[in-house]
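*Asks:* The number in our numbering is simply the position in the sequence shown, starting from 1, with 267 added.
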Amino acid sequence: MSLTGKVFAITGAGQGIGLATAKALASRGATVSLADSNEKTLADVEREFKKNSWSVLVTTLDVRYSKEVDEWINATVEKFGRLDGAANIAGVVGKQLGRAPVADIDDDDWNFVMAVNVTGTMNSMRAELRHLEDGGSIVNISSIHGTRGEAACTAYSTSKHAVIGLTRCAARDYGSRGIRVNTVAPGSTLTPLLDAVVQGNPPPPTSVLGRFGQPEEIANLIVWLLGPESTFVTGEIYRVDGGEFC
Numbered sequence: 268m269s270l271t272g273k274v275f276a277i278t279g280a281g282q283g284i285g286l287a288t289a290k291a292l293a294s295r296g297a298t299v300s301l302a303d304s305n306e307k308t309l310a311d312v313e314r315e316f317k318k319n320s321w322s323v324l325v326t327t328l329d330v331r332y333s334k335e336v337d338e339w340i341n342a343t344v345e346k347f348g349r350l351d352g353a354a355n356i357a358g359v360v361g362k363q364l365g366r367a368p369v370a371d372i373d374d375d376d377w378n379f380v381m382a383v384n385v386t387g388t389m390n391s392m393r394a395e396l397r398h399l400e401d402g403g404s405i406v407n408i409s410s411i412h413g414t415r416g417e418a419a420c421t422a423y424s425t426s427k428h429a430v431i432g433l434t435r436c437a438a439r440d441y442g443s444r445g446i447r448v449n450t451v452a453p454g455s456t457l458t459p460l461l462d463a464v465v466q467g468n469p470p471p472p473t474s475v476l477g478r479f480g481q482p483e484e485i486a487n488l489i490v491w492l493l494g495p496e497s498t499f500v501t502g503e504i505y506r507v508d509g510g511e512f513c
């Protein structure tokens, strides 16, 4: 599937699923505008992309702040002339994941997780939808924890449920323009984010395939949803969990 001539914006693009998505899009001929909060990581990514002669713009920002997101998307459209799609992948799990039931939730941790995962996704979608071409596509990243309750997972699970709500509302708001908005809900995937949670000691995988997912396996679905082969798909939630829910 060629994506030559298309322009895509990606948050959380410095590592993990975001980076895998950026590479998959660029390798298919797309121009990519990449945002992440880690300046050093982004600099490494930029060098790699330019070495491969991939068209790229990198921007260090914090998705919690709408001004930064707006400026990034405005700069993307100014530089490349259009925006055909976006993947909103930036996210955090918080310090209390797996450690605190509802009664013990810390205000600061709750507010941080909600600000990045919910407000950050909303800030990104809002900026993107102001410029997105008719017939464009947005993919937001939720989680399998956004489709069910989970003990000691309050802030993260709640935030990922909210991402699904944002996705469905936007799908209804913009369907008349042919714009599609979908959610991908990964299961346990071998990313730096997972490694930070398990601290190098992951539990046995719970998928029926008996292993964890790879970032590229999630990215493949994201790219399909952003591309021309999924033009009648919108408002959907796609779990990529190795059969954990089957």
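Here a beta-carbon is modelled for each residue, glycine too, at the ideal position from N, C-alpha and C.
From this set, Ala-287, Gly-365, Ile-284, which residue's C-alpha is nearest Pro-469's C-alpha?
*Replies:* Mapped onto the sequence shown, residue 469 falls at position 202. Closest option to Pro-469, Cα to Cα, is Gly-365.
*Asks:* For a test of the three-state rule: what should DSSP assign to Ser-320, helix, strand or coil?
*Replies:* Within the sequence shown, residue 320 is the residue found at index 53, counting from 1. Here Ser-320 sits in coil by DSSP.
*Asks:* Please specify which runs of the beta strand (DSSP E), each continuous and at least 3 residues long, are wholly inside the segment 401-462, giving them in chain order.
*Replies:* DSSP runs (the beta strand (DSSP E)) wholly in the segment 401-462: 404-408, 447-453.
*Asks:* Using CA atoms only, rank isn't needed, just tell me which of Thr-501, Val-490, Ala-276 is closest to Asn-355.
*Replies:* Counted from its first residue, the sequence shown places residue 355 at position 88. The candidate whose alpha carbon is nearest that of Asn-355 is Ala-276.
*Asks:* Pairs of beta-carbons, one from the segment 288-296 and one from the segment 304-323, closer than 8 Å: are there three or more?
*Replies:* The answer is yes - the segment 304-323 touches the segment 288-296, with three or more Cβ pairs under 8 Å.
*Asks:* As a quick exercise: from Glu-338, Ile-489, Val-359, pick the residue whose alpha carbon is nearest that of Thr-421.
*Replies:* Counting from 1 along the sequence shown, the entry for residue 421 is found at position 154. Taking only the C-alpha atoms, the option nearest Thr-421 is Val-359.
*Asks:* Nearest to Ser-409 by alpha carbon, out of Gln-282, Ile-485, Glu-338, Thr-473?
*Replies:* Numbered from 1 along the sequence shown, position 142 holds the residue referred to as residue 409. Checking every option, the nearest Cα to that of Ser-409 belongs to Ile-485.
*Asks:* Return yes when the Cβ of Thr-434 is within less than 9 Å of the Cβ of Gly-348, no when it is not.
*Replies:* If you number the sequence shown from 1, residue 348 lands on position 81. If you number the sequence shown from 1, residue 434 lands on position 167. Cβ atoms of Gly-348 and Thr-434: not closer than 9 Å.
*Asks:* Taking a contact to mean a Cβ-Cβ separation below 9 Å, would you say Gly-403 touches Asp-351 in this structure?
*Replies:* Residue 403 sits at position 136 when you count from the first residue of the sequence shown. Residue 351 sits at position 84 when you count from the first residue of the sequence shown. A contact, by the Cβ cut-off of 9 Å.
*Asks:* Pair every Cβ in the segment 370-379 with every Cβ in the segment 392-402, then say whether three or more of these pairs are closer than 8 Å.
*Replies:* Counting Cβ pairs under 8 Å, fewer than three are found: no touch.
*Asks:* From Leu-286 to Leu-493, what distance separates their C-alpha atoms?
*Replies:* Position 19 of the sequence shown, counted from the start, is the residue given in the question as residue 286. Position 226 of the sequence shown, counted from the start, is the residue given in the question as residue 493. Looking at the two C-alpha atoms, the distance is approximately 15 Å.
*Asks:* Candidates Asp-371, Ser-455, Ile-340, Gly-509: which alpha carbon is nearest Gly-283's?
*Replies:* For the purposes of this step, residue 283 is taken as residue 16 along the sequence shown, with counting starting at 1. Closest option to Gly-283, Cα to Cα, is Ser-455.
*Asks:* Measure the Cβ-Cβ separation of Leu-270 and Val-490 and say whether it is below 9 Å.
*Replies:* Position 3 of the sequence shown holds residue 270. Position 223 of the sequence shown holds residue 490. A contact, by the Cβ cut-off of 9 Å.
*Asks:* Might you give, ordered along the chain, the residues of its own chain that have their beta carbon closer than 7 Å to the beta carbon of Arg-444, omitting 5 neighbours on each side?
*Replies:* In the sequence shown, residue 444 corresponds to position 177, counting from 1. Contacts found: Asp-401.
*Asks:* Since Leu-301 and Val-312 are thought to touch, with beta carbons under 8 Å apart, how far apart are those beta carbons, to the nearest angstrom?
*Replies:* Here the question's residue 301 lines up with position 34 in the sequence shown. Here the question's residue 312 lines up with position 45 in the sequence shown. Rounded, the Cβ-Cβ distance is 6 Å, consistent with contact.
*Asks:* Measure the C-alpha to C-alpha separation of Arg-415 and His-428 and round it to an integer number of angstroms.
*Replies:* Within the sequence shown, numbered from 1, the residue matching residue 415 stands at position 148. Within the sequence shown, numbered from 1, the residue matching residue 428 stands at position 161. C-alpha separation (whole angstroms): 8 Å.
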